[in-house]
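Protein chains in written order, with our numbering: chain C, 21 to 273; chain G, 21 to 273. Beta carbons: idealized from backbone N, C-alpha and C, even for Gly. Note sheet for the following structure.
There are 2 protein chains.
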Amino acid sequence: MGTTQLESVQEPKYWHLKTVLNDALDSEFEVGEILPNERDLAARFGVARATLRQALEQLELEGRLQRRRGVGTTVAPPRIGVAVGPSANTWPGAGRDAWTTIGCAEAVAPAAVAALLGTAADEAVHTVRRERTVQGQPVATELLYVPPASVPGLPGLLTPAEHAPAVLRELHTLELESEDRAVELGSARAEDAKLLDRLPGAPVLVVTTRYVSGGRVAAASVATYRADTCRLTFGDSGALEVTHHEPESRQAS
Amino acid sequence: MGTTQLESVQEPKYWHLKTVLNDALDSEFEVGEILPNERDLAARFGVARATLRQALEQLELEGRLQRRRGVGTTVAPPRIGVAVGPSANTWPGAGRDAWTTIGCAEAVAPAAVAALLGTAADEAVHTVRRERTVQGQPVATELLYVPPASVPGLPGLLTPAEHAPAVLRELHTLELESEDRAVELGSARAEDAKLLDRLPGAPVLVVTTRYVSGGRVAAASVATYRADTCRLTFGDSGALEVTHHEPESRQAS
DNA sequence: GAGTGGTCTAGACCACGCT
DNA sequence: GCGTGGTCTAGACCACTCA
Chain C
21 MGTTQLESVQ EPKYWHLKTV LNDALDSEFE VGEILPNERD LAARFGVARA TLRQALEQLE
81 LEGRLQRRRG VGTTVAPPRI GVAVGPSANT WPGAGRDAWT TIGCAEAVAP AAVAALLGTA
141 ADEAVHTVRR ERTVQGQPVA TELLYVPPAS VPGLPGLLTP AEHAPAVLRE LHTLELESED
201 RAVELGSARA EDAKLLDRLP GAPVLVVTTR YVSGGRVAAA SVATYRADTC RLTFGDSGAL
261 EVTHHEPESR QAS
Chain G
21 MGTTQLESVQ EPKYWHLKTV LNDALDSEFE VGEILPNERD LAARFGVARA TLRQALEQLE
81 LEGRLQRRRG VGTTVAPPRI GVAVGPSANT WPGAGRDAWT TIGCAEAVAP AAVAALLGTA
141 ADEAVHTVRR ERTVQGQPVA TELLYVPPAS VPGLPGLLTP AEHAPAVLRE LHTLELESED
201 RAVELGSARA EDAKLLDRLP GAPVLVVTTR YVSGGRVAAA SVATYRADTC RLTFGDSGAL
261 EVTHHEPESR QAS
């Protein structure tokens with residue numbers, strides 16, 4: 021056999037494949053177009069399906085592809101820029117904030133959240149589940165945790181339908197001093213995955229927010245954004261920039 | 021065979037494995053401790069190595085494990101909170117900003133960056149490579165792009181060693197109006213991966229920042245943070261909170 | 001029911017870090 | 001040189017969507 025492939029030395033096949041596919045996506049496919057199925061693609065490139073899948077997985081992680089069981093693999097549109105952390109500090113649910121409330125329960129928060137709130141680990145807190153959709157597609161789900169101490173004026177008897185609005189209303193009577201946020205990578209738990217229309221384990225960006233009022237942490241939220249379709253934008257101004265993905269950039273030593 | 025496993029129906033093995041391992045990590049292992057190797061673990065759980073690896077990959081993605089070729093799999097410490105976007109707007113390299121400059125070159129920026137800067141696609145810009153380490157470990161690399169128009173006072177003849185400091189110094193003479201930032205998931209390119217001490221393709225959080233001065237975008241940067249070890253914190257106040265990972269949280273319908 | 005992606009197996013070999 | 005994780009193969013079956 022001749023050594024025809026000088027360039028491919030020491031580079032994993034799936035990595036090379038990924039590059040090739042990435043370029044092909046730019047030049048030969050339209051957004052939304054469906055690709056040949058995995059078995060055909062693997063055969064075409066002369067690799068095992070598992071190897072091809074490794075390349076596809078990476079491209080999906082980077083938001084270039086979208087795969088759906090029973091349907092196929094399609095070219096993904098550019099990521100959606102979703103604003104996180106508006107210019108003015110506002111309480112969740114105040115004004116027009118792009119979230120829709122799904123429900124509310126009173127439950128013991130996970131230990132991590134209790135630490136964030138500074139409450140006892142076994143104390144029940146109001147837990148509001150919300151969802152955020154952009155262009156008709158779900159991009160995030162959130163759990164907002166409000167300790168009873170933050171909403172002392174809350175009426176005692178509430179129907180499930182009244183619960184969430186009442187908690188938010190009470191919250192808005194407080195003065196919001198500041199918010200801090202953290203962003204980290206996570207994988208979708210079963211429940212979040214269902215709301216986000218993904219499989220469990222899908223990569224998500226977890227945004228943890230502490231709402232501070234009167235020197236105390238008055239509420240905290242854990243929001244889960246689809247990492248494949250979203251770009252989180254901070255900063256005040258118009259955030260809807262173009263996105264894309266560069267193969268490899270020139271270097272600065 | 022008796023149907024001993026009622027709970028495991030319809031749940032992928034790797035998902036169940038992940039849960040089991042996650043719990044074991046909490047109860048039976050110390051941070052930094054090395055796990056049995058993959059072949060042993062797979063045998064112990066009665067699954068193929070590929071299946072075990074699928075579970076390990078997820079746990080690594082979530083920052084619970086750290087795997088190193090030739091060494092082994094260790095229990096990862098909690099993610100490091102790294103501050104992004106300080107309270108006061110500051111130029112890169114001003115004051116004490118946790119970054120160290122590696123080098124600088126004049127090169128054509130990738131198309132995406134040119135769009136961000138509003139420069140021509142084929143215009144050369146100053147490209148400063150920087151690195152950020154926390155507790156001795158590299159957590160991020162950055163490319164800072166500065167169009168020549170933003171630093172008109174830059175001397176003509178510069179040695180490589182003088183280049184980066186000179187660009188930053190010139191930049192600091194401008195007044196910074198605002199910054200916007202975006203965060204998205206990406207995978208490390210070969211070059212970034214090397215600086216971050218990871219394999220190419222490792223998950224990273226890509227932070228894109230636009231620095232606005234005089235109504236124009238005076239500079240832009242693309243910073244690449246290790247997604248496995250970092251938690252990006254925004255907001256002004258003390259950000260070094262505890263992190264951990266909850267199995268599954270109670271629900272709010 | 002046909003076709004898709006998702007899971008799983010039981011092997012093999014390779015690249016790397018140590019010692 | 002040995003042990004580790006990383007890559008790759010050639011199969012199989014399952015879960016899902018859609019006509």
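- Just mark Gly92(G) as buried or exposed, buried being the case when its beta carbon has 16 or more other beta carbons within 10 Å. For the purposes of this step, residue 92(G) is identified with residue 72 of the second sequence, where counting begins at 1. Classification for Gly92(G): exposed.
- C-beta contact flag for Asp89(G) and Leu216(G) at 9 Å: Against the second sequence, residue 89(G) aligns to sequence position 69. Against the second sequence, residue 216(G) aligns to sequence position 196. Correcting the residue identity first, residue 89(G) is Arg in this sequence and not Asp. In terms of Cβ geometry, Arg89(G) and Leu216(G) do not form a close pair [threshold 9 Å].
- Task: Reducing DSSP to helix, strand and coil, say where Val166(C) ends up.
- Result: On the first sequence, residue 166(C) is found 146 positions in, with the first residue counted as 1. It is a strand residue.
- Cβ-based neighbour list, Met21(G), same chain, cut-off 7 Å, excluding 5 preceding and 5 following: Within the second sequence, residue 21(G) is the residue found at index 1, counting from 1. Because the pLDDT of Met21(G) is 36, which lies under 50, any placement of that residue in the model is unreliable, and the number read from its coordinates should be weighed accordingly. Nothing listed; no residue qualifies.
- Task: Return helix, strand or coil for Pro130(C), following the three-state DSSP convention.
- Result: Position 110 of the first sequence, counted from the first residue, corresponds to residue 130(C). Coil at Pro130(C), not helix or strand.
- Item | Contact between the region 113-130 of chain C and the region 140-157 of chain C (3+ Cβ pairs under 8 Å) | Cβ pair count under 8 Å is three or more, so yes.
- Roughly how many angstroms lie between the CA atoms of Tyr165(G) and Ala239(G), to the nearest whole one? Residue numbering aside, residue 165(G) sits at position 145 when the second sequence is read from its first letter. Residue numbering aside, residue 239(G) sits at position 219 when the second sequence is read from its first letter. Computed Cα separation, rounded: 6 Å.
- Query: Contact check, Glu162(G) vs Trp119(G) under 8 Å by CB: the rounded distance?
  - Reply: Sequence index remark: in the second sequence, residue 162(G) carries index 142 (1-based). Sequence index remark: in the second sequence, residue 119(G) carries index 99 (1-based). About 7 Å separates the beta carbon of Glu162(G) from that of Trp119(G), a gap short enough to meet the 8 Å contact definition.
- Task: Report the neighbours of Glu199(C) on chain G: residues whose CB is nearer than 8 Å to its CB, in chain order.
- Result: Here the question's residue 199(C) lines up with position 179 in the first sequence. Going along chain G in sequence order, the residues near Glu199(C) (Cβ under 8 Å) are Gly255.
- In the DSSP assignment, what are the bridge partners of Pro97(G)? Within the second sequence, the letter at position 77 stands for residue 97(G). Note: Pro97(G) sits in no beta bridge, so no partner.
- Can you check whether the CB of Val154(C) is closer than 9 Å to the CB of Val242(C)? Working through the first sequence from its first residue, we reach residue 242(C) at position 222. Working through the first sequence from its first residue, we reach residue 154(C) at position 134. For the pair Val242(C) and Val154(C), the CB atoms are not nearer than the 9 Å cut-off.
- Query: Cα-Cα, which of Val187(G), Glu204(G), Pro97(G), Val40(G) is closest to Pro223(C)?
  - Reply: Residue numbering aside, residue 223(C) sits at position 203 when the first sequence is read from its first letter. Nearest of Val187(G), Glu204(G), Pro97(G), Val40(G) to Pro223(C), Cα basis: Glu204(G).
- Residues of the region 210-229 of chain G whose Cβ lies closer than 7 Å to any Cβ of chain C, in chain order: Listed by position along the chain: Glu211, Pro220, Gly221, Pro223, Leu225.
- Task: Give the DSSP-derived three-state secondary structure of Glu151(C) in the structure shown.
- Result: The residue you call residue 151(C) lines up with position 131 of the first sequence. Glu151(C): strand per DSSP, three-state reduction.
- Message: Please classify Thr228(C) as buried or exposed, where buried requires at least 16 neighbouring CB atoms within 10 angstroms.
- Response: Stepping through the first sequence from its first residue, residue 228(C) is reached at position 208. Under a 10 Å Cβ-count criterion, Thr228(C) is classified as buried, with 16 or more other Cβ atoms of the shown protein chains found around its own Cβ.
- Query: DSSP puts Leu207(G) in a beta bridge; with which residues?
  - Reply: Within the second sequence, the letter at position 187 stands for residue 207(G). Per the sequence shown, residue 207(G) should be read as Ser rather than Leu. Ser207(G) is bridged by DSSP to Pro223(G).
- Task: Sort Ala96(G), Ala247(G), Thr121(G) by Cα distance to Ala186(G) and report the nearest one.
- Result: Looking up residue 186(G) in the second sequence gives position 166. When C-alpha distances from Ala186(G) are compared across Ala96(G), Ala247(G), Thr121(G), the shortest belongs to Thr121(G).
- Among Arg189(G), Ser170(G), Gln86(G), Asp248(G), nearest to Val51(G) - alpha-carbon criterion: Residue mapping note: residue 51(G) aligns to position 31 of the second sequence, counting from 1. Comparing alpha carbon positions, the residue from Arg189(G), Ser170(G), Gln86(G), Asp248(G) closest to Val51(G) is Gln86(G).
- Message: Counting only Cβ pairs nearer than 9 Å, list the residues of chain C close to Trp35(G).
- Response: Here residue 35(G) is taken as the residue at index 15 of the second sequence, counted from 1. Taking the beta carbon of Trp35(G) as reference, the chain C residues within 9 Å of it are Ala210, Pro220, Gly221, listed in sequence order.
- Query: Any idea what DSSP makes of Gln78(C), helix, strand or coil?
  - Reply: To locate residue 78(C), count along the first sequence from 1; it is residue 58. It is helical.
- Query: Cβ of Asp43(G) less than 9 Å from any chain C Cβ?
  - Reply: Mapped onto the second sequence, residue 43(G) falls at position 23. Residue contact check for Asp43(G) against chain C: no CB pair falls below 9 Å.
- Task: At 7 Å on the CB atoms, spell out the chain G contacts of Ser207(C), in chain order.
- Result: Counted from its first residue, the first sequence places residue 207(C) at position 187. Those are Gln78, Leu81, Glu82, listed as they occur along chain G.
- Item | Span separating the alpha-carbon of Ile54(G) from that of Glu77(G) | Here residue 54(G) is taken as the residue at index 34 of the second sequence, counted from 1. Here residue 77(G) is taken as the residue at index 57 of the second sequence, counted from 1. Cα to Cα, the separation comes out at about 16 Å.
- Item | Cross-chain neighbours of Ala68(C) in chain G, by beta carbon under 8 Å | Taking the first residue of the first sequence as position 1, residue 68(C) is located at position 48. Near Ala68(C) there are no residues of chain G at all, since even the closest Cβ is about 12 Å away, more than 8 Å.
- Message: In this structure, how does DSSP classify Val51(G) when only helix, strand and coil are distinguished?
- Response: As a position in the second sequence, residue 51(G) is number 31, starting the count at 1. Three-state DSSP puts Val51(G) in coil, outside helix and strand.
- Query: Does DSSP classify Leu216(C) as helix, strand or coil?
  - Reply: Here the question's residue 216(C) lines up with position 196 in the first sequence. The three-state reading of DSSP puts Leu216(C) in coil, since its state is none of H, G, I, E or B.
- Can you tell me whether Arg84(C) is buried or exposed, with buried defined as 16 or more other CB within 10 angstroms of its CB? As a position in the first sequence, residue 84(C) is number 64, starting the count at 1. By the neighbour-count criterion, in which 16 or more other beta carbons inside 10 Å mark a residue as buried, Arg84(C) falls on the buried side.
- Contact check, Gly173(G) vs Glu190(G) under 8 Å by CB: the rounded distance? Taking the second sequence and counting its residues from 1, the one referred to as residue 173(G) is at position 153. Taking the second sequence and counting its residues from 1, the one referred to as residue 190(G) is at position 170. Confirmed, about 5 Å.
- Message: Under 9 Å, CB to CB, which of the residues in the region 92-121 of chain C have a partner in chain G?
- Response: Among the residues of the region 92-121 of chain C, those with a Cβ less than 9 Å away from any Cβ of chain G are Arg99, Gly101, Val104, Gly105, in the order of the chain.
- Query: Roughly how many whole angstroms lie between the Cα atoms of Pro97(G) and Ala141(G)?
  - Reply: In the second sequence, the residue the question calls residue 97(G) occupies position 77. In the second sequence, the residue the question calls residue 141(G) occupies position 121. If you take the alpha carbons of Pro97(G) and Ala141(G), they lie about 42 Å apart.
- Cβ-based neighbour list, Arg209(G), same chain, cut-off 7 Å, excluding 5 preceding and 5 following: Mapped onto the second sequence, residue 209(G) falls at position 189. Pro220.
- Message: For Tyr231(C) and Leu196(C), which I take to be in contact (beta-carbon distance under 8 Å), what is that distance rounded to the nearest angstrom?
- Response: Taking the first residue of the first sequence as 1, we reach residue 231(C) at position 211. Taking the first residue of the first sequence as 1, we reach residue 196(C) at position 176. Between Leu196(C) and Tyr231(C) the Cβ distance is about 6 Å, and since that is below 8 Å, they are a contact.
- Task: Leaving out five residues on either side along the sequence, give the residues of the same chain with a beta carbon under 8 Å from the beta carbon of Asp200(G).
- Result: Start at 1 with the first residue of the second sequence, and residue 200(G) comes out as number 180. So the list reads Thr229, Arg230, Val232, once near-sequence residues are dropped.
- Can you list the residues of chain C that Val171(G) reaches, using a CB-CB cut of under 7 Å? Taking the first residue of the second sequence as 1, we reach residue 171(G) at position 151. For the C-beta of Val171(G), not a single chain C residue is nearer than 7 Å; the gap to the nearest is close to 15 Å.
- Does the separation of the CB atoms of Ser170(G) and Leu194(G) fall below 9 Å? Taking the second sequence and counting its residues from 1, one reaches residue 170(G) at position 150. Taking the second sequence and counting its residues from 1, one reaches residue 194(G) at position 174. A distance below 9 Å separates the beta carbons of Ser170(G) and Leu194(G).
- In whole angstroms, what separates the C-alpha of Ala70(G) from that of Arg64(G)? On the second sequence, position 50 is the one that residue 70(G) refers to. On the second sequence, position 44 is the one that residue 64(G) refers to. Between the alpha carbons of Ala70(G) and Arg64(G) lies a distance of about 14 Å.
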